[in-house]
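Okay, so here's the structure we're looking at.
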Amino acid sequence: MKDVTPQTVYLKDYRVPDFLIDNTDLVFDLREEHCRVTSSLRIRRNPDSATQLAPLVLDGGCAVDLQWVEIDGRRLGSDGYARSENSLTIAELPDSCVVTTEVLIKPHLNTSMMGLYRSRTLYCTQCEAEGFRDITFYLDRPDVMSEFTAKLIADRQRYPVLLSNGNAIDQGTMEDGRHFVVWHDPFKKPAYLFALVAGDLSSVEDSFVTLSGREIKLQIFVEEKDLNKCDHAMLSLKNAMRWDEQTYGREYDLGRFMIVAVDDFNMGAMENKGLNIFNTSAVLANPDTTTDAAFQRVEGIVAHEYFHNWSGNRVTCRDWFQLSLKEGFTVYRDAQFSADMNSAVVKRIEDVVYLRTHQFAEDAGPMSHPVQPDSYMEINNFYTLTVYEKGAEVVAMIHNLLGDKTFRQGSDLYFSRHDGQAVTIEEFVSAMEAVSGLDLQQFRLWYKQSGTPVVEVQSNYDAQAKTYQLQFKQSCPDTPGQTHKKPFLIPIKLGLVAADGQDLPLNSHGDRSLVISLTEQTQTVLFENIQQAPVPSLLRGFSAPVRLNYPYSSAQLAHLMANDSDGFNRWDAGQTLSFSVMQRLIEEALDQRELEVSSQLIEVFDGLLSDHSLDPAMLNLMLQLPSEAQLHERADIIHVQAIHRARQFARRSIAQALQSKLLETYKRLTEQRDYAPVADQIGRRALRNSVLGYLMLLEEIGPELAWQQFNSATNMADKAAALNALVNCAAAQDYAQQALQAFEQQYAQETLAMNLWLQIQATNSQPNGLDRIKALMEHSAFSINNPNKVRSLMGAFCSSNPINFHNPEGSGYQFLQQQIIQLNALNPQVAARLVTALTRWKKFPEPNRQLMRDALQLIASKQDLVKDLREIVSKSL
Ligand SMILES: [Zn+2]
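Going by the numbering used here, the letters in the sequence shown line up with residues 118 to 994, in that order.
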């Protein structure tokens with residue numbers, strides 16, 4: 118595959134399709150050496166098209182080997198059509214007809230994991246965004262929706278299970294040891310939601326009775342050895358189905374819902390109609406092999422893909438510029454679900470940390486783009502944090518502006534108005550406007566303007582007049598292609614906290630928390646009858662995806678940490694305090710001065726550890742210093758060594774000062790109950806393992822504790838945390854080696870556990886990291902063909918081991934550049950994800966800056982670079 122001259126696609130060039138496809142009948146004859154695909158498309162001219170004489174141009178990738186074409190059963194000669202590298206054009210066509218093609222494809226040679234490919238012994242598909250064109254010729258765009266029938270034929274022994282979307286309507290055996298199943302999906306859908314699976318799979322079955330009393334068959338298909346790892350996904354699915362009925366009034370439509378787990382998969386999972394295909398890492402879970410974080414990820418992803426049945430499938434996107442229509446909304450829905458299933462404030466804090474660390478960095482980098490981009494070279498590069506996570510924040514703001522009841526009316530209207538249609542983000546916002554009567558004109562800028570807005574706040578208390586004034590000033594930095602941005606509509610939820618810790622009444626209604634809508638560049642809000650100078654609690658619950666700055670004193674932050682009625686802001690006050698302490702330490706490290714941690718931070722942590730009334734999950738979050746990645750995001754210039762050293766020093770100082778309380782907390786939280794992946798236990802384990810992390814900095818205590826925990830752990834959450842602690846501790850290297858070996862022996866047959874083993878070593882911050890990575894690439898647990906393994910080893914090293922990856926010799930960059938060039942031919946999507954570790958070179962000091970740039974230029978100079986990489990590399994340079 119090569120893309121000589123990648124074309125840029127623009128939103129403004131959108132035109133309706135010239136043809137529509139009412140029915141799509143497919144026959145897949147699967148053989149070991151190839152797959153023969155016969156496709157019959159009942160097509161007609163689109164009455165809405167402006168060009169009624171346009172030829173039919175079907176998309177089809179270069180690996181699709183055309184055998185013949187028929188129109189209404191009449192075979193065309195080679196002069197009847199034109200095949201180019203990416204299309205098939207048929208010039209003369211009746212206004213409605215059946216176009217039949219037969220093609221050969223070679224799934225076993227397909228390493229891109231788009232289209233139809235092999236994962237171990239399975240055949241499976243991934244068609245979003247544009248993979249269907251690598252299976253057969255088609256109008257591969259989401260606004261062409263068709264009724265699909267698929268007949269799958271394969272060897273009965275090797276592929277006893279044959280699945281596609283919808284309902285199985287026929288099946289039978291053939292004389293040559295082969296068999297077939299015919300699937301029909303009564304719901305019209307775009308090709309990106311088509312799916313096919315063939316293999317030797319076992320299944321776990323269950324059922325769900327919908328609100329209207331229909332019984333739905335639920336099936337999770339896995340390899341037989343993994344049958345004991347499906348319970349959590351099944352439970353999560355049933356919870357999600359019930360929740361979507363209760364919260365959004367959405368009921369499942371088909372008679373069965375299937376999930377298939379595959380090992381080789383570029384993403385987390387895919388919402389194909391009635392037949393979700395999942396990365397094994399997003400479905401399999403078992404206490405012995407799966408961490409708490411992975412259990413929660415399974416719950417979230419199962420729900421996310423299920424929710425797409427309405428927000429994505431029943432109502433889909435008109436074109437790929439509307440991707441956030443389905444993704445932003447569905448991420449918002451799955452976040453609400455996870456908040457309801459677990460602790461809402463903990464979920465909110467985790468999501469905001471993720472957004473601030475990674476999406477804010479994307480917003481400030483060379484690939485910065487709006488939630489609704491206006492152009493792309495390769496759509497796969499726009500499955501981004503901005504489209505997903507910031508898109509979800511935008512939906513959350515709409516929800517907060519409308520209130521619960523009206524937001525539900527808005528989503529009901531959106532679903533009923535557009536059921537069965539392919540629509541735009543504009544249609545979603547319009548439905549919300551229609552039910553609320555609000556004017557969301559200015560609000561729409563959140564979809565169009567890129568970059569993270571900054572809100573500066575000043576206050577003034579007038580003791581005579583008893584008034585308190587807040588002055589807001591908003592701005593948004595320039596981003597590629599966008600300067601001089603207009604003011605956003607920014608909802609700021611706030612309260613004023615009095616000296617006694619209570620929220621003051623803010624108006625004559627006695628409201629103690631309010632949402633102020635900033636609409637101007639500068640805006641002043643005045644509160645009357647304020648009897649004392651309060652501490653402002655701003656942006657409660659992170660009510661908008663902005664950076665907000667207010668000149669808090671340390672004492673004010675400590676006051677908010679102790680008293681704020683908003684749990685998110687209690688935590689955030691602590692973060693602001695930690696950031697300022699870290700900032701000073703980083704400066705001291707850069708100036709080669711002696712480092713000293715402020716006693717205030719130690720006091721705050723002391724207070725937290727002494728307060729046994731705090732929810733362990735919350736306490737765990739409050740004890741976290743900002744990660745190195747967060748410090749990188751906040752820095753103007755990223756001084757990797759100084760940041761690493763400052764953070765380690767702060768952690769060690771906390772551990773030394775609070776040794777006995779940390780140890781007491783660790784012991785107090787030792788779990789007596791049987792393992793369960795439930796919020797309360799997960800919070801306790803997370804806290805205990807964080808405390809262990811601090812204790813590891815005390816050489817005489819930590820290594821023994823972690824070694825004991827490793828050997829006595831009854832679940833993977835505790836075992837992996839202990840292994841990680843040992844591996845990262847200079848004083849525990851003997852134990853670390855023994856533990857790594859024991860782990861390897863125990864889990865050699867468990868792919869996902871071995872990926873974790875790779876990942877823990879990849880993020881090991883001890884010296885000589887790159888040598889360890891290179892050695893692990895030779896290990897049988899690694900394969901460059903498997904995306905999960907590439908992410909666990911190379912991905913984790915480049916993104917989460919800064920001290921080793923950004924070594925001043927540049928060997929980390931050279932290594933990554935070589936891997937990317939290898940992956941260029943193998944798997945463009947995985948390569949494109951990895952390269953982002955180099956794209957922010959402008960933020961690094963010399964010599965790293967130049968070395969990163971050199972690595973990017975070497976990639977850019979490669980002749981046959983796929984367009985996924987071409988786009989990112991050229992925008993970064
Ligand atoms: Zn999604």
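No residue lacks a Cβ here, since even glycine has one placed at the ideal position from N, Cα and C.
Owing to the predicted nature of the structure, the values given are computational and were not obtained by experimental measurement.
- Between the alpha carbons of residue 318 and residue 857 lies a gap of roughly 32 Å.
- Counting the other Cβ atoms within 10 Å of the Cβ of residue 253 gives 16 or more, which makes it buried.
- Within the stretch 784–867, no complete beta strand (DSSP E) segment of 3 residues or longer occurs.
- The residue from 653, 312, 592, 954 with its alpha-carbon nearest to that of residue 680 is 653.
- Comparing alpha-carbon positions, the option among 534, 591, 343 lying closest to residue 635 turns out to be 591.
- Around the beta carbon of residue 826, 16 or more other beta carbons lie within 10 angstroms, which makes this residue buried.
- Under the three-state reduction of DSSP, residue 334 is assigned to strand.
- Here the stretch 558–566 makes no contact with the stretch 458–471; the two share fewer than three CB pairs at distances below 8 Å.
- With the rule of 3 Cβ pairs closer than 8 Å, the stretch 286–298 does not count as touching the stretch 237–248.
- Annotated three-state conformation of residue 573 is strand, per DSSP.
- One thing to note: residue 307 has its Cβ within 8 Å of the Cβ of residue 262.
- In the three-state scheme derived from DSSP, where H, G and I count as helix and E and B as strand, residue 662 is classed as coil.
- In the assembly as shown, residue 380 is a buried residue. Its beta-carbon has 16 or more other beta-carbons within 10 Å.
- CA-CA distance, residue 530 to residue 422, rounds to 22 Å.
- Taken through DSSP and simplified to helix, strand or coil, residue 477 comes out as helix.
- DSSP places residue 714 in the coil class of the three-state scheme, outside both helix and strand.
- Annotation for residue 142: 157, 266 place their beta carbon closer than 6 Å to its own, counting only its chain and skipping 5 residues before and after.
- Between residue 215 and residue 183 a beta carbon distance of about 17 Å is seen, past the 8 Å cut, so the two are scored as non-contacting.
- Taking the Cα of residue 305 as reference, the smallest distance to any Cα among 281, 138, 368, 209 is reached at 138.
- Every unbroken stretch of the beta strand (DSSP E) spanning 3 or more residues and falling wholly within the stretch 623–670 is given here in chain order: 631–635, 639–644, 652–655, 664–666.
- Contact between the stretch 396–412 and the stretch 818–835 is established, with three or more Cβ pairs separated by less than 8 Å.
- Only residues of its own chain outside the window of five on either side were considered, and among them 481, 568, 569, 571 have a CB closer than 8 Å to the CB of residue 594, listed in chain order.
- When the Cα atoms are used, residue 692 and residue 821 turn out to be separated by approximately 31 Å.
- Counting only runs of at least 4 residues, the stretch 895–920 fully encloses the following alpha helix (DSSP H) elements, listed from N- to C-terminal order: 904–907, 913–917.
- Apart from sequence neighbours up to five positions away, the residues of its chain that approach residue 227 with a beta-carbon distance below 6 Å are 234, ordered along the chain.
- In this structure, ligand 1 has a non-hydrogen atom nearer than 7 Å to the beta-carbon of residue 447.
- It is roughly 32 Å from the alpha-carbon of residue 787 to the alpha-carbon of residue 342.
- Taking a cut-off of 8 Å for Cβ pairs, the stretch 355–375 and the stretch 781–798 do not touch, as fewer than three such pairs fall below it.
- Within the DSSP bridge table, the entry for residue 145 names 154, 269 as partners.
- Of the residues assessed, residue 129 falls on the exposed side of the cut-off, its CB having fewer than 16 other CB atoms within 10 angstroms.
- Remark: C-beta atoms of residue 936 and residue 969 do not approach each other more closely than 8 Å.
- Distances from the CA of residue 364 to each of 743, 526, 507 were compared; the closest alpha carbon is that of 526.
- For residue 774 and residue 502, the gap between their C-alpha atoms comes out near 39 Å.
- Going by C-alpha positions, residue 415 is about 16 Å away from residue 457.
- Residue 357 places its beta carbon 8 Å or farther from that of residue 400.
- Per DSSP, reduced to three states, the secondary structure at residue 327 is coil, with no helix or strand assignment.
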